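The numbering of the sequence shown is our numbering, which starts it at 70 and goes up by one.
Glycine included, every Cβ here is placed at the ideal spot set by N, Cα and C.
All of these numbers come straight from a predicted model, not from anything done at the bench.
Reading through the structure tokens given below for one structure.
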Amino acid sequence: MKLNDIGFVSPLLDANRMADLLTKLKNLPWANGDDHEKRVGEMLDEYGIVYTYQPNGTQNFPDYEIPTRWGTINLECKSSQNAKPMYNSGRPHAGGLYVFTSKKYNETTLFWGDDVLTLDKRELYDRMLLEMKDVLVRYQALPEWQDERGFDFYLREMYTQSGTAEYTDYFTHKDRPTCEQNVFNFFK
Ligand SMILES: [Ca+2]
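Here it is as structure tokens:
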């Protein structure tokens, strides 16, 4: 099957079916990470949606790469005991569609990575990382950096969210309705 044909397979994944699927995803009760990921895959199957599962490996974004008539969708499943997901070393991806389920609320919410991490903040992170890498390179260039055991160093990114619920709770956040609506609006 040509890539162009995908999304036009029977049954047709049109805007209505997509909205239907998104509603079902949004209404999911909590499940732990593995189960959450699996049930989302089963829902994609139910809708006859063609996808590639973990195209970049098990630990990497995204969980499901889905060619659609709206372009390639990178869908990422997140699950947490609490009200915010863990991103670890991968910041929320621009263009990533997140399906985040919380045990605390026994609810699921949908958002685009762009809507939770602004472009301005991404650029700020990038500027900081460049400076940090520059510091590391300067130290590594010092003659005394070399020792007889080969001890070296590398920087690892770790993205966290801190602050009160007003900032960090994905379910009570003032922007939650807008974030969810932006997901639905994209597929119109
Ligand atoms: Ca995941």
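Selection from the options that minimises the alpha carbon distance to residue i
| i | options | result |
| --- | --- | --- |
| P161 | K172, D203, Y174 and W181 | W181 |
| Y99 | A152, Y194, Y120 and Q128 | Looking at the sequence provided, one finds Trp at residue 99 rather than Tyr. Nearest option by C-alpha distance: A152. |
| R108 | L94, Y223 and T121 | L94 |
| C146 | E226, D103 and G117 | D103 |
| R225 | Y156, N175, L188 and P246 | Y156 |
| S158 | V119, T178, R191 and T229 | T229 |
| M112 | L97, V252 and N101 | L97 |
For residue i, the first and last residue of its enclosing beta strand (DSSP E)
| i | result |
| --- | --- |
| P136 | Y133 to T137 |
| T177 | E176 to W181 |
| K147 | G140 to S149 |
Under the three-state DSSP convention, the category residue i falls into
| i | result |
| --- | --- |
| F169 | strand |
| G102 | helix |
| L205 | helix |
| T121 | strand |
| G126 | coil |
| F253 | helix |
| K194 | For the record, residue 194 in the displayed sequence is Tyr; it is not Lys. The answer is helix: DSSP assigns Y194 an H, G or I state. |
| Y236 | helix |
Unbroken alpha helix (DSSP H) run spanning residue i, endpoints
| i | result |
| --- | --- |
| R86 | A84 to K95 |
- Message: Tell me which residues pass a beta-carbon proximity test against ligand 1: closer than 7 angstroms to any heavy atom, given in chain order.
- Response: G102, E106, D132, E145, C146 and K147
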